[in-house]
Structure formats: structure tokens, C-alpha cells
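One structure is given here, and the rest of the page talks about it.
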């Protein structure tokens, strides 16, 4: 009897709860873009941005936000995604149908949302409301947000196409050992040998996310992640000379020139080793060469100063006596130089499907932000501010920041939705100039960048179904297997490639990319 | 004879003292070692928190600085998040422990109707989850998203604690409860006036488990709070800080010191628990409860 | 005891339990609303990408097809058996090696004479629980690194330095050691609480009988907390399929995948495939693990009841 009672009670509760669920009203729904809006009657906009690293009140009261309100006439409220699990929160915001007029997305988030039919097709509205956006963003960039000929977002190209994966050398040690900066693989090996002997520890280090040491793989014709080889786009592991690259790396490892702990190193550990190499009395791990990202130079400089290798004054200037950069090695001294050049799209701005009606205002707002002409320089105002107040022209035509006023422009990038591609890189460089050694490294690596740079073809793809599905598993697998082969040699390479092109899906991703690539580049 | 006997007795006693003092010495030494090993992570994080950026830190600070703690103490968001965490932990623990204790009380009776079925019912709660979307939809339908209730109500049922309390209650002598009920106390009175005081070691430990899990829980916050920063608890606040990509080009002090500030946040976030812990330990006193029953 | 008296007590009890029913209702209610209702969502495991972001739940469900794709995806990797094996080995090692330790620690702590020292020890051993796995693994990387203290001792004794974290043969042992380091103190709390409820009169009696400390522990302490130990063991066995995802994920590196990849980390890698809006795969894994857990708990409880008379219910 009591059993029956409690069961009945349970069922009753279940039913009421289910009813409560079904009764939930459907707020919002599909809508069309209203093309006949009165742009002089501006509306307030709500904008969702990625995590900014600042509190949202700070963003909403930021000088740049206030400046934009003044320049565009739109009052905007910003909301940000959390730094942790941003995509998960983005999904729940869609389930909530939170009324954001505009959402700033990463390329992956954009692909996911387009696939699920959650973004507004803005092709026609762009032509009507946003002529300046259309004019100042390149054809190449529009391809990234175009699916079946329709545009679903506004691409924001990375600040600069940098060559940014050098090997940093302890130049001080090189001088001590009477060695030059290496240019060929043989010279490189000789440098590692001498350094290893001097330090008593393996000389070359890198972190656990470096399956392709670009400076070295370049000698084997492998510059980028996805690159064209004889008309065919291939993932780097499928490149014709990948086995030679592994063979070479493995031989360095076998000879004891590569840090044994590369598969567990994070950047902090690598920087520590590298800086220890400067200190004669340091115990523990040391390294003389570090295959890193250009941006690690800041941490290296900080650490050199903390460890009193350099003085505070020195750290504020160029460090050409301490650090040397090699962006690529060659097999033979007279080979042509080619090296990986990064690119891609940091963000894509889109409009959620349930907010289509007022898309016109949102586009008008973004259009106004991107204008940069002699009469209307909103974009410049936003990114670097006013001449004489925030910056001045340098002798080489660059923009030199004036401190401390320029500091308020540190946050400007948060407020971008698409960039004026013709102007952004030179503006952005003003920020790099603030750190002299970083700027020196950047300038050195970027020499003749247009001639030597090789792009990652996958950076320019629109959302491609198979490529997007398999990309991560392919990259992850390639990364882990590199560290295995670094230790064990090429013995398992055939097996690895079978796996890669089989159940990891590299074959499908490759076919997908080639399909797109041949369509675009035969046009 | 008498002297010999006395000697013998002393010897016997001496043996015993020696034996037990050997036991205590070994025990103490082992515990000192264990404690030292367990203290290492704290030492490391504390050292990082007291250091300047750019050093490899093991178990002592390098380039001693208080900058990181100053940063944390001046960070309003951090303290607001700590306030939220306090609110959630206090309300959540009281609610959860009372609900679990009540259920355990009923289920500790061997002949309680559907006892077996109910236990399986709760075990299933422990093992199966509908996943993120269904959980989110239920909480949203109840109108709890973006409120601190979303951090409290879904974690009221702690099956592990239920089982612990239940098995504890089953082990208690039943006399006092029976005599109370003969004296005319109702079940509610029995629970609060008899069983709860008798179960203090268990309730203290279960409350501690609940409080700690609520204090550390960030997944509910991530799922249910969305973009509403004002209710982010401390765990999520710190996690977000850790996951934030520092803007290297700004080159400001707090960007350079980011890893050290993280460590300072972790240290400060542990302090409240360390302060509460002795209160919990107060109830871990041998024999008090049972003695009270017998008395 | 006469049968009449027995009957009387039974009748008395039944009456009392009727009034106890309201005591379970809040817990049942919370469980139904926040656990059982969402459990309907387990069906997602059998659905082909329901689009929850665009449609409301029921519409999204109706619009998507039934499929077994998620399970196929899960089991399509030829190495899946290896991952299951790794999971089970690590889990069993953790249970066999680590399960008794909190009990021993609890006994040791409660045998301390000085209250202050006892409290201090309790406070300290419980500390590591509060550090995330990332922090713990970071510290451990240094301690067990090529140039860390362990290898320094090793080289001083004439051994070659070992990259412990990168050695497949060491990996599982390190998982066990770290897990113990982090959780033994915290796990001992439940046992300490149980020991606190033992009647001191039992020890007094034993002392008079001249039983040694170890004998007292063996004959009084352990049997008294046996029900707690058994309950904990049964619950622990239920989590056999969970070898500690966060920990293993933080520790794993390419060189140790062979012995260290467990179902949790494998699925996490697979999840990369799926994109952030695909919830099917993780639900399928949850269901798979849940069923195994349920069977294990039911089995363990049954055996325990048979053998010892104690169980979770």
C-alpha cells in the first residue's frame, strides 16, 4: 500500500514537472532582416564579446567604448563570455535566446554555429548598410565567412601576418664559443654540439606543443601546416620529406642535443632552461637554443632581468648582445629561403538568427567603426588615437606611441568588429614598438616576409564540413606522434600515417580542402 | 620473594610502556613525514605567490614581493566572488545536510517502506546524469539560471553523504531514541534533539565534504550563470583568471606577474577553509557522543 | 522473547515509520527534479545531432533521427580495448594500493596523544585536496624531473637519471602515487569521524586485559569502523570505470599514451571531433559507464551483504 502510494506520488511529481517544461513559452523565433529602417533613429545595441580579461564594468566604461559612442552615435552595452568554456556558455546563451544584436566569435565557434543554422545571412544587408566594410575587407577574407555563396559574418583578420616561430639562441654563449649564427642544418648541429658540451646539458629545448619546429622543418620543404606540394594540398605529416625531418630530429635527440623533457615542457620550463644557460653557476636544466614563439621573447626578457643576467636598464632596450634569432635553416647554403608565415582570422562577428530584424542598425554601427578616410578617421581614432596625443610619426613612417597616453589604446582591439585591412597592421605595430627587443626580433624575422613567407592554406578556408570535423583529431594525433617518433625514430611512421589517414580522418580533411582549394585557385 | 615479584611486575609494566612508547614514537615520526610531504604543494604555491615573475620556484620564494597579494586584496571582483561563495556554501551546506540527514534517518530504519528501492533510486542519482543540456533546461525552466540558487539547489542531493549518515545512524545504539519516543517526542524532535547531537562527528565530516565540494564547484556556475559575472563564485572567478590569455603587448606589471597572482589567489581562497577546519575538528573528539548516551 | 512481544514491536515500528515518510520526501523531490527529469536527456545518446540551440527541447528531439552513431564512434577505435584495459588497471591499482591507506592514516591520527599535534596533522594532510591537478602535476614535474631531487638522489647513488613523467612503465605508478598524495588525507576524514564514535569503554576493557596497541586497533578499531569501510569500498568499486580523468589528463604526454590513455581522456580527445554543440558522444559514454557502475555497485553490495552482512542498503 505504502509502496503504491509513493510510486503514485513520484509519477505525479514527474508529470507536473514535465508539464512545467512543455508550458515553457517560446520567446522569439525566426525573423527577417528589416531593410527599411530609419538609420537616423538609432537604437541601443547589445554586443557579446569574447573574454576580455577585464571586468565587464571596466569594458562598458572604457575610454574606447565612450569614444565609439561619440563617433558612431550608438549606445552599446557589452557582455562578455567567461574565459573558461566560452563555447559552452555561448551555447547556453543561444538556448536562452539572449538578445544580442552582435556576437563576436572565434573561427571554430563560427563554424559550429553556421553548421547549425544559427546565424543570419547578411549578404544583401551588407551591400545596403555597410559599404565601407565591404570596401575595406579583402576578397580573400570574405571567402572565410562565405558558405554556398552567402555571407554569414564579418571577418577580423589577425593584426599582422607574422613570421613568428624562430629558434632563439643564447648569443652571448655563441660569442663565447666563437661560433656564428647557424644557417644550415650542418652548422646548426655543430652549434648544438658545442653548446651541449659547454653546458653539459642538451642545448635545444622546446615545449610540448611544438610538433613542427618551423625553422628546422623548413630545410625539408615543410614550412606550414597545410601547404601545397606539386598542386596538391597536404597536411605536414603527409609531406614528401616528413620522414627526413623526423630522421634529423631523432638523430639530434639520439646524440643528446635535445632536451629529454620536451614532451612535458611548458613555456615556463623552457624559458627557465634557456635563462639558466646564461648563468655560469646555475644547476639543473639549461639550454642554449629555444624553438619558441616570437611572443615568448617578452617572458625571456622578464626572466633574464629577474635572474640578474641583464639590468633593468638593459631590459628596456635592445638585447642584441644576448639574443639571436634564426627563422629558418637551409639544407645547403645556397638553397632558397622559405618559412612559415602565420595569418588567419582572430574573430568573426555575426548576428544570431533570432535578432535578424534589427541587423541593419548593427551593420551600420560596425560600418561606422571601420571608416578611415581623410575626413572620417573613426578606425584610426579607435585603434591608435590622435596624433600628438597618443602617437607621433617616426622617421620610417611608422607610428611611435607616446606614453603613457597610448596605454589607453591597449584595449582598443576588444572593440573591433572586422578591421580596416588596409590600415590595421601599421597601426598595430605601434604596440610592438613599446617593447624594443620584441620589436627588434619582429623586424628581423619579418625581413622580406612577402618573398619568403608561406601561409597555412587552412587559415583561409570557409567552414568546410569534413575539414572542421577532423581537424582537431588530426592535429592532436600528429602532435603526440611527433614526440613518440622524436624518441623512437621513424620505425613506426608507416603505421602512424595509416592511422592518420584512416580513422583520424586526415584523408577526408585533405580531400575537403583540396576540393575547395582547386575551386578557388582555378578561378 | 616479594622483591622478585615486584621486579617481575615492574618488568612486565616496563615492557608494556616500552612497547606502547615505541608505537607512539613510530606513529609520530611517520605522521611528521606524511605531513611534511602533504605540505609541499602548499609551500610551492605560497612561494610562487610571494615571488617575482621569471624565476623557477620550488619551495622557497625568489625575489620576494608582496605585489601579488596586494593585487588580490585590491581586486574587488575577487572579494565579491568570495562573498558569493560564502553565501552558496553556507546556505547550500545547511540545506543539503538537513535534507540528507532527514532522508538518512528514515532510511536507517531497517523496515522502512520501500527502503531498498529508495536506496537504488538514490544510487542511480549518483551514477547517471542527463548531461549538460537537459540539466540546463530544467534549471532554466524553474527560473533559476543566473541566480545563486542554481549553484545550491541542484547539488542538494549528495548520495555519498546520505549513505555515510545512514550507516552512521545504523551503528548508533537505539536506546536513547526509543526512550525519547516513549517520552512522547515526535520524529522531528528526535532527529534534532537526539540523533543530530549524537552524530556530530559524522555530521561535521559530511558538512565539511559538502562545503568543500560547493566551495570548489565551478561546473554549475559555468553552466547555469552564463555571462552574468555578478554571481560568479570564487572557484569560477579564479578559473577564469587562470584561463585568461594575458595581453603580452600591454606589458603591464599585472600581466608579467600573472602566474604569481594566480598563486596568490589560490592561497587566499584556501584560507577560509583553513579557518573553518578547526571548528569541524572540535567535533572529532573521541568518545564524547557515546559517553553522553551511556550517561 | 515471546513471539507476541515481537509482533507488538513490529506493529509499533510500522506506525512510527509512517510518520517518517515525510522525512525522505524532500530528498526524493530534489532528486526527481534535478536528476531524474534531466535523465530523460540520456536519449540524446541515441539521437543524431539534435539542434538544441535552434529549437526547444521537444522540437529538437522530434526533428533528429534515431541513431547508434555515437556508440559506433566510441567503439570504432581499434585501440579501445587497450584504453579500457588501461582504465581498469589504473583503477584497480588505485583501489588495491590506495583504498586501505586512509583507514591506516585515520587510525594513526586518532592514536596520537597530543590533541594539538593531532589537529595540526589533520589540517595539513587535508591541504593537498585543495590544489587543482594542474598545480599538483606542475610541482611533481619538478620533483620527478630530470634534474629534480629524486633524480639527484639517484645520480648521487650512481644511477642514470630517468625522465619519470615520460616513461610508460612508470606512468601508472606515478598516477597512483600522486593520487595518494592528493587524496589520502581528505579521504581519511570519514574514517576519523567513524573512529570517534567507538565506545571508549571497549578500549578500557582491552587495556585491562593487557592487549597491546596493535591488538586493540586490530580487534576493536577496525571491526568497529568496518561498516564504513565496506560502504566506502562499494561506492569506490562503482567508480571503477573512472580512473581519474582530470588527473590522468594533466599527467598524460605523448610518450605515456601507451600505458596511460584511459576512456575518459580518449573520449575527451574524441570530443574535439564533435564540436561544442554535439552532446551525443559524452552522453553515450556517460550511459555506458553508468550502466557498468550500477552493475558493479549492485554486485558489490550483494556480495558484501552475503559475506559480511553489511552493505549500502
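Residue numbers (my numbering), protein chains in the order written: chain E, 446 to 968; chain F, 2 to 296; chain Y, -12 to 300. Glycine is no exception: its CB is placed at the ideal position from the N, C-alpha and C atoms.
Would you kindly work out how many angstroms separate the C-alpha atoms of residue 82/Y and residue 129/F, rounded to a whole number? 22 Å
So residue 101/F and residue 14/Y are supposed to be a Cβ contact under 8 Å. How far apart are they, rounded? 7 Å
In or out: residue 947/E buried (at least 16 other Cβ within 10 Å) or exposed? exposed
My guess is that residue 660/E and residue 787/E are in contact by the Cβ rule of under 8 Å, so how many angstroms apart are they, rounded? Between residue 787/E and residue 660/E the Cβ distance is about 14 Å, and since that is not below 8 Å, they are no contact.
Measure the C-alpha to C-alpha separation of residue 150/F and residue 144/F and round it to an integer number of angstroms. 10 Å
Go ahead and pull the three-state DSSP assignment for residue 709/E. coil
From the DSSP output, in three-state form, read off residue 556/E for me. helix
If we count Cβ pairs, one from each stretch, closer than 8 Å, do we get three or more for the region 613 to 622 of chain E versus the region 687 to 700 of chain E? no
Using the three-state DSSP reduction, which class does residue 518/E fall into: helix, strand or coil? coil
From residue 88/Y to residue 171/Y, what does the alpha carbon distance come to, in whole angstroms? 7 Å
Short Cβ contact (8 Å threshold) for residue 827/E with residue 509/E: yes
Leaving out five residues before and five after residue 99/Y in sequence, what residues of the same chain have Cβ atoms less than 8 Å from its Cβ? 105 and 108
Please confirm if residue 253/Y has its CB atom under 8 Å from at least one CB of chain E. no
Suppose contacts are defined by Cβ-Cβ distances below 8 Å. Is residue 806/E in contact with residue 542/E by that definition? no
Given this structure, state the Cα-to-Cα distance separating residue 181/F from residue 223/Y, to the nearest angstrom. 37 Å
For a test of the three-state rule: what should DSSP assign to residue 889/E, helix, strand or coil? helix
For residue 85/Y and residue 247/Y, the rounded distance between their alpha carbons: 18 Å
What are the residues of the region 717 to 742 of chain E that lie near chain Y, defined by any Cβ-Cβ distance shorter than 7 Å? 729 and 730
Considering only the beta carbon of each residue, do residue 525/E and residue 496/E sit closer than 8 Å? yes
Okay, do the region 889 to 902 of chain E and the region 591 to 607 of chain E touch, 3+ Cβ pairs below 8 Å being the bar? yes
Proximity test, Cβ basis, 8 Å: residue 200/Y and chain F: yes
Reducing DSSP to helix, strand and coil, say where residue 950/E ends up. coil
Quick one: Cα of residue 232/F to Cα of residue 269/F, how far? 19 Å
Quick check: the Cα distance between residue 494/E and residue 35/Y, rounded to an integer number of angstroms? 30 Å
Name, in chain order, the residues that DSSP records as bridge partners for residue 677/E. 674/E
At 8 Å on the CB atoms, spell out the chain Y contacts of residue 141/F, in chain order. The contacting residues do not exist; residue 141/F stays about 10 Å from chain Y at best.
Can you check the region 220 to 289 of chain Y for any alpha helix (DSSP H) of at least 4 residues that lies completely inside it and give the ranges in chain order? 232 to 238, 244 to 247 and 250 to 261
What residues from the region 649 to 665 of chain E come within 8 Å of chain Y, judged by C-beta to C-beta, listed N to C? 653
Residue range of the beta strand (DSSP E) that residue 845/E falls in? 844 to 846
Tell me whether the region 71 to 83 of chain F and the region 717 to 737 of chain E touch, counting them as touching only if at least three CB pairs, one residue from each stretch, are closer than 8 Å. no
Please state the DSSP three-state secondary structure of residue 129/F. coil
In this structure, does DSSP put residue 576/E in helix, strand or coil? helix
Compare the C-beta of residue 57/F against all C-beta atoms of chain A and say whether one is closer than 8 Å. Checking the listed chains, one finds no chain A in this structure; the protein chains it contains are E, F and Y.
Is DSSP giving residue 607/E helix, strand or coil here? coil
Below-8 Å beta-carbon distance, residue 103/Y vs any chain E residue: no
Delimiting residues of the alpha helix (DSSP H) encompassing residue 112/Y: 102 to 112
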